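So the structure is just underneath, and the comments pick up after that.
Protein chains: 6
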Amino acid sequence: MRLLLINPNTSAGVTQKLDAVARVAAASGTELVSVTAPRGVPYIATRADAVIGAIVALEMLSARDGSFDAAIIGAFGDPGLGGARELFSVPVIGLAEAGMLSACMLGRNFSIVTFSGALVPWYEECVKWHGLHERCSSVRALNEGFATIEGVQNEKEQRLIDLANRTADEDGADVIVLGGAPLSGFADVICDRVAVPLVDCVVAAVKQSEALIALKTRSPKAGTYRQPGAKSSIGLDPFLCRMLAGIRE
Amino acid sequence: MRLLLINPNTSAGVTQKLDAVARVAAASGTELVSVTAPRGVPYIATRADAVIGAIVALEMLSARDGSFDAAIIGAFGDPGLGGARELFSVPVIGLAEAGMLSACMLGRNFSIVTFSGALVPWYEECVKWHGLHERCSSVRALNEGFATIEGVQNEKEQRLIDLANRTADEDGADVIVLGGAPLSGFADVICDRVAVPLVDCVVAAVKQSEALIALKTRSPKAGTYRQPGAKSSIGLDPFLCRMLAGIRE
Amino acid sequence: MRLLLINPNTSAGVTQKLDAVARVAAASGTELVSVTAPRGVPYIATRADAVIGAIVALEMLSARDGSFDAAIIGAFGDPGLGGARELFSVPVIGLAEAGMLSACMLGRNFSIVTFSGALVPWYEECVKWHGLHERCSSVRALNEGFATIEGVQNEKEQRLIDLANRTADEDGADVIVLGGAPLSGFADVICDRVAVPLVDCVVAAVKQSEALIALKTRSPKAGTYRQPGAKSSIGLDPFLCRMLAGIRE
Amino acid sequence: MRLLLINPNTSAGVTQKLDAVARVAAASGTELVSVTAPRGVPYIATRADAVIGAIVALEMLSARDGSFDAAIIGAFGDPGLGGARELFSVPVIGLAEAGMLSACMLGRNFSIVTFSGALVPWYEECVKWHGLHERCSSVRALNEGFATIEGVQNEKEQRLIDLANRTADEDGADVIVLGGAPLSGFADVICDRVAVPLVDCVVAAVKQSEALIALKTRSPKAGTYRQPGAKSSIGLDPFLCRMLAGIRE
Amino acid sequence: MRLLLINPNTSAGVTQKLDAVARVAAASGTELVSVTAPRGVPYIATRADAVIGAIVALEMLSARDGSFDAAIIGAFGDPGLGGARELFSVPVIGLAEAGMLSACMLGRNFSIVTFSGALVPWYEECVKWHGLHERCSSVRALNEGFATIEGVQNEKEQRLIDLANRTADEDGADVIVLGGAPLSGFADVICDRVAVPLVDCVVAAVKQSEALIALKTRSPKAGTYRQPGAKSSIGLDPFLCRMLAGIRE
Amino acid sequence: MRLLLINPNTSAGVTQKLDAVARVAAASGTELVSVTAPRGVPYIATRADAVIGAIVALEMLSARDGSFDAAIIGAFGDPGLGGARELFSVPVIGLAEAGMLSACMLGRNFSIVTFSGALVPWYEECVKWHGLHERCSSVRALNEGFATIEGVQNEKEQRLIDLANRTADEDGADVIVLGGAPLSGFADVICDRVAVPLVDCVVAAVKQSEALIALKTRSPKAGTYRQPGAKSSIGLDPFLCRMLAGIRE
């Protein structure tokens, strides 16, 4: 199985984190390729950023069409996920989606804990888009600055542990999803200091990719994710343009 | 009042339709500027198209920052609306949003009627994003091809009238929102042949823009639509890059 | 355009406030007539009061049938709105409805802030009746007495500013709807001291009336707001009796 | 126990039906008084009618304050119920409410079946007001005229049986609530010809009144149904005016 | 009327409490039989306990098939209620259900107050199963140990009064349902010291049983509660085995 | 990884089907043990059956406590799942849950298709219990008898294909979950003849088990699934009794 992990942000350090965690989680025989966005923002925080992340995600996937059996959109919030599912016939999985669906098997209610309040509105919209708000107790974040996106999990380790425990206690969360690609691998570090199970979204995404591959589903010939008709375009990324035009590898 | 109407699609013919209808609806003293997307797809139908429409909408607005008092995103489905509200301090209104909110004052339940089944999944997601699904009876579309996007309302006139009446009857819609920029001006043509009130989204969007201007609201200093902190970016449209960097006219 | 603004309460001072704000908001060419309830209660606070306000609203509108192109029910909570829409073929808009729908374009979530806790239960029912609870973060009120209904906005100015800011902060409201006719014009006074945009419901209602007029909708011949069949009655207000009997100007 | 059954409609024939059925259902020792509205409409069908029914219900109850231990508002749709609960310290029960809550113990989902399509919008709003829409499969009605309100159950007997069976089959209703005071006693007539249990709302309302009396609850000193403060009024029914003024028997 | 009250827990002391309260509430002519579970747990707190309570409830009812006109499952949370309704043609009522439905007539929102935090998750699932979460403000419990299940209401009297008042105040509950069979009869003891009405679930269940009997409904021949086809089984309680096999008294 | 698959029904033929499909799906290194219920019913169809399946599931798991790293409850509807999660510190996954969560990554909306109408009410309750009703378009079943539970997929092959295609078309399902352990392996047989992707719940459950193991979560020390305190019991299965008593391997 060839698994493509795209980081729709431009931070190569975050890609390295994602790749390292994914590599450990992947079953033997999985060929993992991780790539960093060639354009965009260092990390996606807001709805505006998510618009950018979405187009970049589609471009990155288009450029690699035919070279992967499943793909992970490596940004919590899952930018471009719906569009990617229309354009590509292989499974595409979002980091947030994989984390939340996995969390549903570990508790009645999950909460999302992340490192920056700027992420909360978009994350909340993501929960609703997935129709999982009934299972989500809260989205909680630290309300303070941080030095670097790559180092945020070390810098805020105790603060995030405290927030996770407070969230479990105050919001009735049975399980906590650590939100945001920069927190990849962090669950493993802090799990003994948080009272409820923690979900690492990258691990979840890798295993959910394997699950979808194992289901051996056919591409939809009906339904809202069937491949749309060919469409012309102007001034778009050439790979995306090809995908829209219905040209497939 | 300077009102900017952006068509995030590349079809100039649709922009002309939008502009003509908007011009009639606008209060005296409104200075209307309508522009067509310089890049993108001829019309937005799918979720993938909407990703493109969203980035194009942000680029078009960014290129004109400071030149308008309010803006309309002239595509039903409101691509990029959330992001636009973060980046711009003046009101930005979506076509779908304006049409649906106006419909809420004309009936208990509205339905959306449009000309192509390809639009339905995205429109349904749009209704949910706006939190208006409790008021929406259905999203209905013709399931057949059409010749040109500019001419679709003429070509399908009777078919759309029949669908609108059937939707009112079968789905319990008190009012019908005509969905899709290519149907601009169509409500006026068919209103005497449909049993329930019809909403023309362009008219609605112009009047809602005026309503927001009249409210003289201050830019938010808190809440999820307050302007985000400045952010660097790579390889993006220069105007959008400036907006993200916090440089304002 | 002839716009009728009825105050279903007996406080003429509140009518004057409503009228003054509405007059400024109205487009040139709008002929505004504001009237005070000839019977009822000084201000509507409870569900029982709302029953009275509803019948008084229908009576006031019936007495003026044929003399207006659109009407505003000038009490937050929108007493009698559904019934009015059945009986009258021109647009009828509620103060709460106009404020809430306008707020939807200014933020993800709105809260309603008002001056008396007695109003909260009815306001909450109003939000649900409109199907807008998913967009409404909270309904908040001062829990204390006040001297006069006409002077309450002056008397409680700082207390309401504080409550509005606290509501934005604690309840995640992106925008605040100032609830209650006695707060007409208050948004303009305090807007620079509240961190999120404020909606003045009277301004909103005037502009929404203009929006509905601009849509030039036909009266429904189907749906739940089509005019009901003629009905006899006993002992009711003669104008309302005429309306029920299907006699129209 | 003194039980007051008010018919907020002016049809004495319907009151007789209600009274006859209630009398059989009442426990020994219950003193039942049934009264017909002195003013209003012959039967409540629309939202506008419901406004009238609500004020008439409050007037009828006010005129008899102190003479009853519990009261039933004998019109499906429960006009004035919320207001009545504020003003009166004894239990007040609605016909629709009693029928629906009882139905919840007889099936997963109930449907409401009634004799006139004009009633459906108001009934649907009633279901939502009570927060019971998750349990309600549908509100269904005959779409045809009828000769007299008192005779409608005889005239439409077979048509209503057919509709009830069709509703159970097509809408997945486990139990059917017969909606509308004119259908009092009808469940007993047709129950052997309908495939699912039927709820007679008058029987339900009498037994629910007894249930509330048996609970011996104290009047609320807090919460949204505590008695509101005394309020002046102008031009209202003298008994209602007294109640609003806080004067109690 | 022969009314069977089963306590699916093994605590005879709780059965005595239930029986004593039920006996007072029952109408004259009601023959009440109360029985204690012959196997199971002393009291049901968790979801695992509820699985046990459910099978025990079905066994206890099966052993007495034909000997009762209605039955009450005397444990808050209503273990086995859905299954019992399928197997038995007479009304079966749950303690939680009866309490919550009765509470709906006493306030807009109810809260459930109980003595042990261990009960909360199951109670919350019970509220959702009944589709009554829109009416339920909260489920609240003391977070502390207690000496004996039979004596808990005396031991915690003041603590529960304080919690009930705090719940009314903080959660906006108009009425409080006292949750848990061990709190039978407690409402009567504390009602003058709590600001909102209290519901005793046993009283409610007895009166709701009488209400269902008064409705004289026929057994469903359609719908999800019609009696299932005969089914073989292995190793089950002999009475339950007979019921599943379709053998009825 | 030692994976326990329990079939809470007494049909060994169904266990064989489950085992065969699970064995293919399992990663290398997984040690799979499949067991058939020693008591209960041949297959779980109704809510009453589900009560039996739930207790049998807890008994089967208790008897094997300490011998598995994860367990699958091999009946669609997930009997006893909540209770099992409380009692066992290793992951326990339900067949329905695994199928539905996997389906969420393959489409906007899923439908459940099964072979017997008797299953529908319980399946619908299962969807709601998991809080996934917003993602579920419908639960559909054949309405006809079948010869044997083991042979039902062969017997009804074409009928189920037709139903699946009709469900996709009429209910807007993007993906179909084949419901019921007897349909194990059936997706693979019919996938080329159904227009939308199909989910085989056993495959899904095996892969979800592996996903949860990969997450290496700690047992909850807080939240609603933390292990309950030790509890005495009477007359229960000795292994379950031990689990309740807090005795662990």
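So the sequence lines, in the order shown, correspond to chains D, S, G, E, W and V. Following this note's numbering, the numbering of the first sequence begins with 20 at its first residue and continues without gaps. Following this note's numbering, the numbering of the second sequence begins with 20 at its first residue and continues without gaps. Following this note's numbering, the numbering of the third sequence begins with 20 at its first residue and continues without gaps. Following this note's numbering, the numbering of the fourth sequence begins with 20 at its first residue and continues without gaps. Following this note's numbering, the numbering of the fifth sequence begins with 20 at its first residue and continues without gaps. Following this note's numbering, the numbering of the sixth sequence begins with 20 at its first residue and continues without gaps. Here a beta-carbon is modelled for each residue, glycine too, at the ideal position from N, C-alpha and C. Fair warning: this is a prediction, and the values are worked out from it, not measured in the lab.
Item                                                                                                                      : Value
Under the three-state DSSP convention, the category Ile91/G falls into                                                    : strand
Whether Ala41/E touches Val171/E by CB criterion (8 Å)                                                                    : no
Sequence-distant residues of the same chain with beta carbon closer than 7 Å to Ser252/G, five excluded per side          : Cys260 and Leu263
Proximal residues of chain W, C-beta to C-beta of Val60/V below 9 Å                                                       : Lys250, Ser251, Ser252, Ile253, Leu255 and Leu263
Given 8 Å, three or more beta-carbon pairs between the region 111 to 123 of chain S and the region 192 to 201 of chain S  : yes
Minimum Cβ-Cβ distance from Tyr244/V to chain D less than 8 Å                                                             : yes
Cross-chain neighbours of Ala73/D in chain S, by beta carbon under 8 Å                                                    : Val70, Ala73 and Ile74
Cβ pair Arg154/G, Asn128/G closer than 8 Å                                                                                : yes
One or two residues paired with Phe258/E in a DSSP bridge                                                                 : Per DSSP, none; premise fails for Phe258/E.
Amino acids of chain S, ordered along the chain, whose beta-carbon sits closer than 7 Å to that of Thr29/D                : Ile253
Candidates Val111/D, Lys226/D and Glu169/D, of which the one nearest Ile25/D by Cα                                        : Val111/D
Whether Gly102/G touches Leu120/G by CB criterion (8 Å)                                                                   : no
Distance cut-off 7 Å: Val33/V Cβ against heavy atoms of the ligand ZN                                                     : With respect to the ligand ZN, the structure offers nothing, as it holds no ligand at all.
Val109/G, buried or exposed, once every other Cβ within 10 Å from all chains shown has been counted against 16            : buried
Per-residue burial, Pro239/S [other beta carbons within 10 Å of its own, 16 or more giving buried]                        : buried
Contact list for the region 106 to 131 of chain V against chain W, Cβ threshold 8 Å                                       : Leu106
Same chain only: Cβ atoms within 8 Å of Ile232/E, ignoring 5 sequence neighbours per side                                 : Met20, Asp88, Ala89 and Pro110
For Val40/S, the three-state DSSP class (helix, strand or coil)                                                           : helix
For Asp97/G and Val146/G, the rounded distance between their alpha carbons                                                : 10 Å
Backbone secondary structure at Ala297/V - three-state DSSP                                                               : Residue 297/V falls outside the range modelled here, since chain V spans only 20 to 268, and no answer is possible.
Strand pairing of Asp211/S, partner residues [DSSP]                                                                       : DSSP lists no partner for Asp211/S.
Backbone secondary structure at Arg178/S - three-state DSSP                                                               : helix
Three-way DSSP call (helix, strand, coil) for Val218/W in this model                                                      : strand
Beta-carbon neighbours of Gly101/W, restricted to chain V and to distances below 9 Å                                      : Thr65, Arg66, Ala67, Ala69, Val70, Pro140, Trp141 and Glu144
CB contact check: Asp193/G to chain S, cutoff 8 Å                                                                         : yes
Where the alpha helix (DSSP H) containing Ile71/E begins and where it ends                                                : Arg66 to Ala82
Chain G contact residues for Ala137/E, given Cβ-Cβ distances below 7 Å                                                    : Pro247
Beta bridge counterpart(s) of Ile25/D as assigned by DSSP                                                                 : Val54/D and Ile92/D
Trp148/E versus Leu255/G, Tyr62/G, Arg66/G and Ala241/G, residue with shortest Cα-Cα distance                             : Arg66/G
Own chain residues within Cβ distance below 6 Å of Gly269/G, not counting five before or after                            : There is no way to answer for residue 269/G, as the model of chain G reaches only from 20 to 268.
Top-ranked residue by Cα proximity to Val33/D, from Ile91/D, Leu202/D and Asp84/D                                         : Leu202/D
Distance, Thr133/D Cα to Asn162/D Cα                                                                                      : 10 Å
Cβ pair Ala230/G, Lys175/S closer than 8 Å                                                                                : no
Within chain D, partners of Pro57/S - CB distance below 8 Å                                                               : Ile253 and Gly254
Residues of its chain near Ser157/V, where Cβ-Cβ distance is below 6 Å and the 5 sequence neighbours each way are ignored : Ser130 and Asp190
Inter-residue Cα distance where the pair is Gly136/W and Phe107/D                                                         : 48 Å
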